[in-house]
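Chains as they are written, first to last, in the numbering used here: chain A, 1 to 217; chain B, 218 to 434.
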């Protein structure tokens with residue numbers, strides 16, 4: 001196989017030479033050993049070896065639906081969520097979000113961050129990052145949906161099973177509106193505790209994902 | 218009571234006026250309702266009301282012992298760890314850390330971040346941030362010690378009980394040396410899983426703390 005320009009730069013930075021071994025993946029779960037055959041101005045040629053079963057994915061896909069956040073916070077969330085195993089990040093427009101929408105460039109940047117974080121965490125799958133939808137249009141059916149809720153006594157570790165895909169819903173700095181909470185509850189989304197402290201909007205989703213990761217999946 | 222200059226600025230930013238109610242805490246677990254009596258050039262005078270039991274602390278103190286990290290990563294870790302309920306952050310010097318030590322100014326800055334994050338997460342306790350010690354001098358006895366370990370099948374949620382204080386040990390970008398791992402193991406530190414993916418040094422401690430927070434404490 002030949003490599004795209006981005007990855008070519010990466011090989012040069014790593015100062016790889018013909019004969020060096022590396023591992024490649026296609027972003028959809030396929031992973032293989034490879035040997036660098038040639039690296040020059042024109043490109044890189046790799047000889048693919050045996051396919052490797054990465055097995056770094058969760059038993060069912062985990063989607064993080066997260067409200068638009070200010071500044072670089074979304075980048076930080078996408079990066080850490082990718083390391084922690086999400087299959088998909090669905091951006092959300094919510095009532096009290098300070099950021100009404102994001103542009104195409106920012107979305108492309110978030111996708112690049114997800115690809116980079118996949119590589120660094122040795123995942124063979126790159127999570128999708130989906131353009132924002134209004135929270136009230138988020139489909140909740142056919143999956144186990146959870147939202148962090150300060151008042152709840154329900155524990156994620158006790159409610160989570162892997163018979164269905166998992167959806168984690170995470171709000172903006174200003175929290176969800178009463179109508180949004182009502183819609184989530186009506187859709188079967190379970191409020192779970194993250195302890196009695198107030199978490200920032202960028203910390204809560206990582207705490208939920210950390211709790212799932214600590215269950216060994 | 219009167220307020221220190223920092224908090225005075227805060228009241229001005231919030232545009233509080235005499236008669237407004239607020240909540241104050243002393244950083245050691247005491248919290249009280251208060252009414253602003255006077256706010257002028259000279260300072261602020263508060264009338265203290267009833268003491269409030271904050272009850273936002275974990276059943277036993279949780280210490281995060283974390284290796285020195287590059288750039289702003291330590292700040293991010295201290296901020297999120299404070300929200301997630303740590304009682305103490307013990308900085309560590311480790312074999313493969315890129316940062317050999319931190320200066321007094323940086324330590325003061327980390328303590329300020331802990332104080333600020335306590336306030337924002339509505340905790341009445343400010344975690345201590347302790348100057349770096351070599352990992353091999355970290356006392357492990359008299360507590361339950363855990364370290365994230367990629368190969369482990371042990372789950373934090375199954376091992377954690379609250380009969381003893383908790384110590385979480387977290388390494389640098391380059392990981393722990395074999396000698397460091399051996400010392401931790403010999404000291405009774407239990408390796409627990411955070412799933413089959415590779416986490417960055419700044420993500421792993423938050424995943425561990427997120428897992429504890431999701432247990433409802």
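Glycine included, every Cβ here is placed at the ideal spot set by N, Cα and C.
C-alpha gap between residue i and residue j, whole angstroms
i	j	result
residue 229 of chain B	residue 333 of chain B	17 Å
residue 304 of chain B	residue 5 of chain A	48 Å
residue 209 of chain A	residue 81 of chain A	7 Å
residue 143 of chain A	residue 164 of chain A	5 Å
residue 250 of chain B	residue 191 of chain A	29 Å
residue 374 of chain B	residue 216 of chain A	10 Å
residue 368 of chain B	residue 16 of chain A	29 Å
residue 130 of chain A	residue 356 of chain B	46 Å
residue 263 of chain B	residue 174 of chain A	28 Å
residue 172 of chain A	residue 66 of chain A	8 Å
residue 319 of chain B	residue 327 of chain B	11 Å
residue 288 of chain B	residue 307 of chain B	18 Å
residue 235 of chain B	residue 358 of chain B	51 Å
residue 201 of chain A	residue 418 of chain B	21 Å
residue 342 of chain B	residue 133 of chain A	39 Å
residue 56 of chain A	residue 231 of chain B	47 Å
residue 315 of chain B	residue 255 of chain B	50 Å
residue 212 of chain A	residue 365 of chain B	14 Å
residue 385 of chain B	residue 245 of chain B	22 Å
residue 227 of chain B	residue 118 of chain A	41 Å
residue 286 of chain B	residue 96 of chain A	35 Å
residue 26 of chain A	residue 44 of chain A	16 Å
residue 188 of chain A	residue 224 of chain B	43 Å
residue 220 of chain B	residue 309 of chain B	34 Å
residue 135 of chain A	residue 214 of chain A	28 Å
residue 416 of chain B	residue 123 of chain A	11 Å
residue 155 of chain A	residue 193 of chain A	6 Å
residue 52 of chain A	residue 370 of chain B	22 Å
Closer than 8 Å to chain A by CB, residue i
i	result
residue 258 of chain B	no
residue 273 of chain B	yes
residue 268 of chain B	no
residue 413 of chain B	yes
residue 362 of chain B	no
residue 281 of chain B	no
N-terminal and C-terminal residue of the alpha helix (DSSP H) that residue i is part of
i	result
residue 209 of chain A	204-213
residue 397 of chain B	395-403
residue 300 of chain B	290-300
residue 329 of chain B	321-337
residue 158 of chain A	156-159
Member of the options whose CA lies at the smallest distance from the CA of residue i
i	options	result
residue 276 of chain B	A:208, A:50, A:195	A:195
residue 128 of chain A	A:44, A:112, A:203, A:190	A:112
residue 400 of chain B	B:294, B:258, B:354, B:291	B:354
residue 420 of chain B	A:78, A:49, A:27, A:35	A:78
residue 267 of chain B	B:273, B:261, B:280, B:252	B:252
residue 166 of chain A	A:85, A:63, A:104	A:63
residue 300 of chain B	A:189, A:214, A:207	A:207
residue 74 of chain A	A:108, A:41, A:55	A:108
residue 161 of chain A	A:153, A:169, A:146, A:170	A:146
residue 94 of chain A	A:153, A:178, A:197	A:178
residue 21 of chain A	A:10, A:43, A:1, A:48	A:48
residue 85 of chain A	A:100, A:92, A:153, A:61	A:61
residue 422 of chain B	B:403, B:293, B:321, B:331	B:293
The ligand MG heavy atom lying under 7 Å from the CB of residue i
i	result
residue 234 of chain B	Absence of the ligand MG from the depicted structure is noted, as is the absence of any ligand whatsoever, leaving it without description.
Minimum Cβ-Cβ distance from residue i to chain B less than 8 Å
i	result
residue 233 of chain A	Here chain A comprises residues numbered 1 to 217, so residue 233 of chain A is not present and cannot be evaluated.
residue 28 of chain A	no
residue 59 of chain A	no
residue 215 of chain A	yes
Host beta strand (DSSP E) of residue i (start-end)
i	result
residue 40 of chain A	31-40
residue 88 of chain A	88-93
residue 3 of chain A	Note, residue 3 of chain A: premise wrong, no beta strand (DSSP E); not H, not E.
residue 145 of chain A	144-148
residue 65 of chain A	62-67
residue 128 of chain A	128-134
residue 24 of chain A	21-25
residue 387 of chain B	383-387
residue 268 of chain B	260-269
residue 408 of chain B	407-409
**Residues of the segment 150-179 of chain A with Cβ closer than 7 Å to any Cβ of chain B, in chain order** = 153, 155, 156, 157
**Request:** Select from the segment 70-86 of chain A all residues with a C-beta closer than 7 Å to any C-beta belonging to chain B, and list them in chain order.
**Result:** 80, 83, 84, 85
**Request:** Pull out every residue of the segment 333-360 of chain B whose Cβ sits closer than 8 Å to any Cβ of chain A, in chain order.
**Result:** Cβ contacts with chain A: 337, 338, 339, 340.
**Within 8 Å of chain A by C-beta, residues of the segment 402-427 of chain B in sequence order** = 409, 410, 411, 412, 413, 414, 415, 416, 417, 420, 423, 424, 425, 426, 427
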